[in-house]
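J.:
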Amino acid sequence: MARYGMVIDTVRCVGCTDCVVACTTENDVPLGVHRDWVVFDTEGSFPTLHMQIRSERCNHCDDPPCVSACPTGASHIHEHGGIVLVDADKCTGCKACIAACPYDARFIHPDGYADKCTFCLPRVEQGLDPACVAVCPTLCMHFGDLDDPHSNVSTLLASRRAAPLMPEAGTKPRIYYLE
Amino acid sequence: MHELYSTRANPLIDPSLHVWGWEIAVYLFLGGLVAGIMIIGGYFMYRGRHTESICVCEQLPMLGLVLLSAGMIALFLDLEDKWHVWRFYLTFQIASPMSWGSWILLLVYPVLVLTLAIRPPRYLTQRFTALDRARNFLRGRSGLVRRIGMASMVLGAGLGIYTGILLSALGARPLWNSPLLGFIFLLSGLSSAAALVHLISRDPGESRMLARADNMFLTAESALILLFLIGLITTSRVHEEAAVLLLTGAFAPVFWVFVIALGIIIPLIIQSLAVAGKIRHVPASPVLVMAGGLALRFVIVAAGQASHWASTIH
Amino acid sequence: MIKARNMLSGPGGNNLPATRTVPTFCDLCFWKCGVIAHVKDGSLWKLEGNPLDPLSRGRLCPRGTGGIGAHDDPDRLRSPLIRKRNRGEEEWVAVTWDEAFNYIAEKMQRIMSAYGPEAVALFSHGIGGNFLKHTLKAFGTTNIAAPSFAQCRGPRDAGFRLTFGDDVSSPERTDIRNAGCLVLIGSHLGENMHNTQVQEFAEAVGNGASIIVVDPRFSVAASKARYYLPIKPGTDLALLLAWTNVVVNEGLYDKDYVGTYGFGFEQFVQSIAQYTPEWAYPETGIQPELIRTTAREMARYRPATLIHPGRRTTWYGDDTQRSRAIALLNALMGSWGRRGGFYTPVSMDVPPYPYPPYPESKKGKADNAGNKYPFAHETISTGIREATLTGLPYPVKGWFVYATNLIHALPNEAETIAAIQNLDLLVVIDVVPNEIAGWADVVLPESVYLERFDDLNVEWFREPFVALRQPVVESPHEQKPNWWIAKKLAESLGLQQYFPWKDIEEYLRHRVTAAGLSYDELRKKGIIRGAKQPIYFSEGVPAEFPTPSSKIEFYSLQLANAGFDPVPVYHRPAEGPPGSYRLLFGRAPVHSFGRTQTNRVLMDMMDENEVWMHPVTAERHGIVSGTYIRLKNQDGVFSNRVRALVTERIRHDCVYMVHGFGHTAKDLHFARGKGASDAQLITRYATDPLMGGTGMNVNFVTIEPEAA
């Protein structure tokens with residue numbers, strides 16, 4: 005079975021937030037909350053600076069603490085590619101999953117349930133890339149099966165230096181950033 | 014210089030996590046207090062001393078029911094989808110401390126009612142004849158009372174520890190990542206419950222006895238807090254940064270003044286002197302202990318949410 | 132919080148399928164990317180790039196993706212409005228379209244009989260203005276301008292014309308994709324989201340191109356650069372001349388190219404001999420060694436070295452000469468006409484609609500009296516404003532303003548307002564009640580791009596194509612498409628012979644068919660592409676330079692004859708008052724000028740701008756990031772309140788803000804009061820003597836605390 009993940013090229017990303025706008029329109033995400041976001045991470049002193057720009061979202065961890073924290077089973081791992089999802093019909097809005105996520109990737113939907121990135125499951129089921137990946141004008145985002153050695157994501161990971169965010173938090177995240 | 018600029022801006026998440034407010038702090042405090050009540054009350058019943066302790070066995074169980082319900086209301090108020098609260102009870106999620114907690118709370122109620130029936134206060138027996146019949150049934154059945162006392166202690170300990178595990182199981186928040194948190198909350202609950210008896214018991218002997226016990230609990234709690242902080246500092250950089258939030262950071266004033274000084278050290282000094290007969294007992298002391306217990310929950314809930322794994326790749 | 136989709140209303144009574152896709156093209160900026168609009172259950176759902184489109188290659192920028200917010204923007208103009216009391220008070224009477232046209236036509240006739248038809252001017256931005264231009268040309272005016280010339284790319288195109296004989300134009304003919312070395316001077320690609328350029332920039336970065344960025348601010352582009360040159364603002368020409376000096380002295384230039392195509396190279400060499408890197412160092416703050424290293428880096432990749440000409444180049448008043456220096460550096464690299472440099476754009480042959488000829492004007496244009504700015508090859512918007520103020524060379528008494536917020540676009544708002552007070556008629560046609568609409572006599576509400584047909588986009592680009600804009604959903608109120616407004620206005624003026632077609636589809640079908648293409652195919656696909664054609668000299672494009680010498684003019688006789696420097700000469704820019712900071716401004720990827728601050732979807736990404744300042748600056752004023760401040764310029768004008776962004780990413784002698792915020796119009800309920808407007812602070816401007824462009828980076832501000 006597939007194990008979906010993303011590989012995001014921080015060298016190409018310009019931080020335009022098209023990924024966020026596309027997510028909002030594709031998934032009818034209410035204005036004011038965001039399933040993905042962009043981080044500008046700058047170090048150094050002017051003019052000797054280094055800035056990394058990253059499009060971030062739920063890491064769909066192999067070992068998702070949000071799922072184990074959930075008291076009602078609303079948070080779960082979907083059979084399709086191991087995507088971490090929330091079943092709004094089971095959620096009470098207790099926010100344990102939000103507190104459990106080291107990436108702060110979840111939020112409370114205005115309708116009262118925990119919400120997050122779904123890797124655009126309905127698109128992925130049709131064989132499409134998630135909206136953020138499909139829209140990116142810099143082609144910096146890649147989506148695919150990490151377990152398939154011939155997938156685009158596996159090939160990229162094999163060819164360039166890459167790291168996930170905060171692996172030390174121990175959740176086995178599945179989004180890798182190319183440096 | 015390190016600048017982090019994020020476009021996320023989600024409510025309750027940014028600029029730093031604040032999903033849980035006063036409701037959870039109050040719930041954890043009341044949960045701990047009820048745990049203490051159940052252990053102390055259970056202890057008296059288990060030892061067959063329920064006949065001598067007026068306050069502990071006659072008033073505490075009813076207070077426990079009221080305080081527990083108040084805690085449940087606070088928890089309910091925290092839910093974003095209040096009218097679907099029953100979804101907790103459609104499932105049992107073995108990995109989720111919150112699921113454990115919601116079921117433990119369901120067990121706590123009947124046990125508290127049983128302890129209530131051992132020596133129910135008159136204002137209740139006059140109204141509820143069933144309670145009177147239960148008391149009569151339990152009178153003389155000392156083995157059963159012992160078992161109820163044991164159940165109350167075990168469940169109380171479970172409840173007290175659970176209030177800490179609820180937080181410590183959330184690995185994403187380094188400040189909470191300590192197995193000691195459950196025991197700190199348990200001891201804090203015990204000390205608050207002892208302080209409650211110390212404060213309200215009209216029996217001077219019982220009041221003194223609980224003041225003595227409270228001194229023990231406070232001492233042990235201090236030791237655990239010390240170990241907790243040492244543990245964090247020696248675990249990793251992010252855990253050390255989390256401890257620093259309490260020690261010298263944004264939460265240091267509340268932690269040192271309200272939790273440590275006013276909540277533990279000063280009442281401990283007063284009560285030690287009073288127990289040694291050097292000064293008289295003053296009601297301010299147990300009030301400070303309870304307020305300190307509440308402050309502890311507030312500061313741990315807030316500082317824990319502010320603690321995080323560094324979100325940078327190096 | 133509002134659901135993005137729920138706030139959008141569906142089309143009313145038509146028999147279109149409730150769920151459908153419609154190809155069209157974007158209007159969030161002027162790049163005009165191909166769009167596939169998705170309608171779900173009768174509501175506009177999402178906008179995706181049209182994969183057939185060579186501009187977007189199927190990927191829109193964030194503004195295009197967020198374009199759905201334009202359709203059901205609650206602050207839209209809903210019906211025609213006529214001013215109730217004084218200009219600028221924003222008090223209106225809603226009228227019917229007929230009443231509005233009658234009012235306008237009567238005023239226009241009166242202006243015509245008193246002052247002639249030239250006394251009515253049109254300011255227009257974007258393809259949507261084409262039909263109004265037609266109506267006004269038919270009326271007899273010659274004064275049609277866009278701020279995109281004198282306030283934006285004019286100096287660049289004038290500088291390149293003077294050198295190569297041709298414009299850079301839009302979309303820029305820059306072959307960023309194939310560049311081995313890309314030099315960006317103040318150009319902040321990635322924050323400026325012109326789609327093709329950003330896509331190609333990312334492609335170049337991904338291919339490991341050497342990027343050199345010159346900017347007082349550590350821009351997104353700077354973060355991708357191999358060399359970042361944190362230049363002192365206003366001294367770019369010194370750096371450019373020093374670069375040419377190194378390239379010439381070290382013999383790094385393309386000698387064959389210069390020898391074959393160059394004119395006046397010897398005089399040029401003499402002229403730039405003085406501009407050594409050591410000379411440039413105290414001017415620019417860039418170390419001589421870094422100037423040499425970067426000059427050699429450029430030469431290493433030539434001719435695939437692209438010194439980007441920028442887009443808004445109206446900075447300091449010497450902008451045409453600076454652009455010429457950029458053109459000359461490119462000429463030294465041999466990049467014009469070469470792969471990785473500047474390609475030669477091509478276009479589809481779509482004949483114009485056969486209209487009757489326009490009336491001849493005896494008076495000519497009003498914007499550039501006496502040919503004061505001899506190298507202005509387009510109409511100067513600020514020149515029309517000046518004529519309106521002074522009545523010279525002749526009075527201008529009527530303005531039509533289409534889709535450009537002149538209050539924010541032209542420098543010195545007070546001059547614009549004074550000119551407006553001289554008018555007998557100001558008509559604003561727009562989608563939202565922005566600041567310029569507030570000063571109008573008549574406001575006409577236009578349908579947004581997702582609700583209308585427009586003129587064909589026959590683009591000059593890498594490859595020929597024609598694109599169609601067509602309605603996706605219906606207008607929610609009484610808004611009308613510009614073609615309808617233009618046609619009705621012409622009819623009210625008795626000019627119906629200029630609109631022989633019944634509706635726009637008849638017009639479009641006629642033009643597309645005349646080009647030998649199928650209109651039905653265009654409707655279905657949105658875009659029809661032509662066969663690829665040569666775009667480089669190496670592919671057979673003739674190396675022609677339509678200058679007076681028919682060569683690349685290193686030394687310009689036409690400049691010398693007009694009394695200007697034939698080779699660019701550096702003049703030190705004026706400093707601001709002590710303790711002040713130079714005010715710089717630019718773009719954000721989710722906004723276009725001041726046009727998008729009512730779009731809720733885009734405002735969700737960025738709903739106010741911030742003033743960037745260095746930590747040293749912030750500390751001097753005791754300012755913490757995120758707190759509100761005000762800026763006060765050298766003339767005592769205060770900005771709206773705006774948040775400080777304290778960051779290492781900027782020099783300590785300037786501050787920076789994103790343009791387009793700080794709206795003040797009463798009916799912009801959502802955008803009003805959010806952030807500050809740089810335009811408000813641009814009371815001074817340095818006019819480019821060659822082409823009349825208004826250099827706007829010549830204002831200085833101090834930082835004032837804002838009471839909480």
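Those protein sequence lines, which keep their order, are chains A, L and R. Per our numbering, the first sequence runs over residues 5 to 183. Per our numbering, the second sequence runs over residues 14 to 327. Per our numbering, the third sequence runs over residues 132 to 839. Just so it is clear, CB atoms sit at the ideal spot from N, CA and C, and this is done for glycine as well.
State yes or no: is the C-beta of residue 623/R within less than 8 Å of the C-beta of residue 236/R?
T.: A contact, by the Cβ cut-off of 8 Å.
J.: Name the residues in the stretch 25 to 54 of chain A whose C-beta lies less than 8 Å from a C-beta of chain L; which are they?
T.: Within the stretch 25 to 54 of chain A, the qualifying residues are 36, 37, 38, 41, 42, 43, 44, 45, 46, 47, 48, 49.
J.: Taking buried to mean at least 16 other C-beta atoms within 10 Å of its own C-beta, is residue 608/R buried or exposed?
T.: Exposed is the call here.
J.: Of all the CB atoms in chain A, is at least one closer than 8 Å to the CB of residue 94/L?
T.: Yes, residue 94/L counts as interfacial toward chain A.
J.: Kindly list, in the order they appear in chain R, the residues whose Cβ is closer than 8 Å to that of residue 19/A.
T.: What residue 19/A touches in chain R: 321, 351, 720.
J.: Give a yes or no on whether 8 Å exceeds the smallest Cβ distance from residue 166/L to chain R.
T.: No, residue 166/L lies away from the interface with chain R (no Cβ there is under 8 Å from its Cβ).
J.: For residue 106/L, count neighbouring C-beta atoms within 10 Å of its own C-beta (all shown protein chains included) and say buried if the count is 16 or more, exposed if not.
T.: Buried, by the Cβ-count rule.
J.: With a Cβ-Cβ cutoff of 8 Å, do residue 802/R and residue 728/R count as a contact?
T.: Yes, Cβ-Cβ distance for residue 802/R and residue 728/R is below 8 Å.
J.: For the stretch 736 to 758 of chain R, which residues have a beta carbon sitting closer than 7 Å to at least one beta carbon of chain L?
T.: The residues in question are 736.
J.: Taking the CB atoms as reference points, tell me whether residue 251/L and residue 296/L lie closer together than 8 Å.
T.: Contact flag unset, no.
J.: Do you know how far the Cα of residue 41/A is from the Cα of residue 98/A?
T.: So the two alpha carbons sit approximately 24 Å from each other.
J.: Just checking my contact of residue 601/R with residue 153/R at CB under 8 Å: how many whole Å lie between their CB atoms?
T.: Indeed, because the Cβ distance is near 7 Å, the residues count as touching under 8 Å.
J.: What are the partner residues of residue 41/A, as DSSP defines its beta bridges?
T.: Its beta-bridge partners are 60/A.
J.: Counting only Cβ pairs nearer than 8 Å, list the residues of chain L close to residue 196/R.
T.: Going along chain L, no residue has its Cβ under 8 Å from residue 196/R, so there is no contact; the nearest lies around 15 Å.
J.: According to DSSP, is residue 222/L helix, strand or coil?
T.: Residue 222/L falls in the helix class under three-state DSSP.
J.: May I have the straight-line CA-CA distance separating residue 612/R from residue 586/R, to the nearest angstrom?
T.: Residue 612/R and residue 586/R: Cα-Cα distance of roughly 11 Å.
J.: What separation, rounded to the nearest whole angstrom, lies between the Cα atoms of residue 391/R and residue 295/R?
T.: For residue 391/R and residue 295/R, the distance between alpha carbons rounds to 13 Å.
J.: Given this structure, state the Cα-to-Cα distance separating residue 94/A from residue 160/R, to the nearest angstrom.
T.: Going by the C-alpha atoms only, they are around 44 Å apart.
J.: For the alpha helix (DSSP H) containing residue 334/L, name the first residue and the last one.
T.: This structure leaves residue 334/L out entirely; chain L is present only between 14 and 327.
J.: Near residue 676/R, which residues of its chain fall below 7 Å by C-beta distance, leaving aside the five closest residues on each side in sequence?
T.: Result list for residue 676/R: 295, 296, 392, 682, 683, in chain order.
J.: Where does residue 557/R fall in DSSP's three states?
T.: Residue 557/R: strand per DSSP, three-state reduction.
J.: Going by alpha carbons, who is nearest to residue 269/L out of 313/L, 321/L, 298/L, 319/L?
T.: Taking only the C-alpha atoms, the option nearest residue 269/L is 313/L.
J.: What distance in whole Å lies between the Cβ atoms of residue 301/L and residue 275/L, which are believed to be in contact at a cut-off of 8 Å?
T.: At roughly 5 Å, the Cβ-Cβ gap stays under 8 Å, so residue 275/L and residue 301/L are in contact.
J.: Just list the residues that DSSP pairs residue 312/R with in beta bridges.
T.: Looking at the DSSP assignment, residue 312/R forms a beta bridge with 341/R, 436/R.
J.: Can you confirm whether the stretch 664 to 679 of chain R touches the stretch 742 to 750 of chain R when touching is taken to mean that 3 or more C-beta pairs between the two stretches lie within less than 8 Å?
T.: No, they do not touch.
J.: When DSSP labels each residue in this structure, what does residue 533/R get in the three-state scheme?
T.: Note: residue 533/R maps to strand in three-state DSSP.
J.: Please confirm whether residue 164/A has its beta-carbon closer than 8 Å to some beta-carbon of chain R.
T.: No, residue 164/A does not count as interfacial toward chain R.
J.: Does the beta carbon of residue 157/A sit closer than 8 Å to a beta carbon anywhere in chain R?
T.: No, its Cβ sits nowhere closer than 8 Å to a Cβ of chain R.
J.: Please list the partners that residue 177/R has in chain A, where partner means a Cβ-to-Cβ separation under 7 Å.
T.: Going along chain A in sequence order, the residues near residue 177/R (Cβ under 7 Å) are 29, 30.
J.: Would you identify the three-state DSSP class for residue 656/R, choosing helix, strand or coil?
T.: Reduced to three states, the DSSP call for residue 656/R is helix.
J.: Since residue 181/A and residue 85/A should fall inside the 8 Å C-beta cutoff, what is the C-beta to C-beta distance between them, to a whole number of angstroms?
T.: Contact flag wrong, Cβ pair sits at about 20 Å.
J.: Hey, could you find the ends of the alpha helix (DSSP H) residue 744/R is sitting in?
T.: Taken as a continuous stretch (DSSP letters only), residue 744/R belongs to no alpha helix (DSSP H), being part of the beta strand (DSSP E) at 741 to 744.
J.: Quick check: residue 370/R and residue 415/R, are their CB atoms within less than 8 Å of each other?
T.: Yes, Cβ-Cβ distance for residue 370/R and residue 415/R is below 8 Å.
J.: Any idea what DSSP makes of residue 450/R, helix, strand or coil?
T.: Residue 450/R: helix per DSSP, three-state reduction.
J.: Can you give the Cα-Cα distance for residue 662/R and residue 593/R, rounded to whole angstroms?
T.: Their backbone Cα atoms lie some 11 Å apart in a straight line.
J.: For residue 304/R, is the classification buried or exposed, using 16 other Cβ atoms within 10 angstroms of its Cβ as the cut-off for buried?
T.: By the 10 Å Cβ count, residue 304/R comes out buried.
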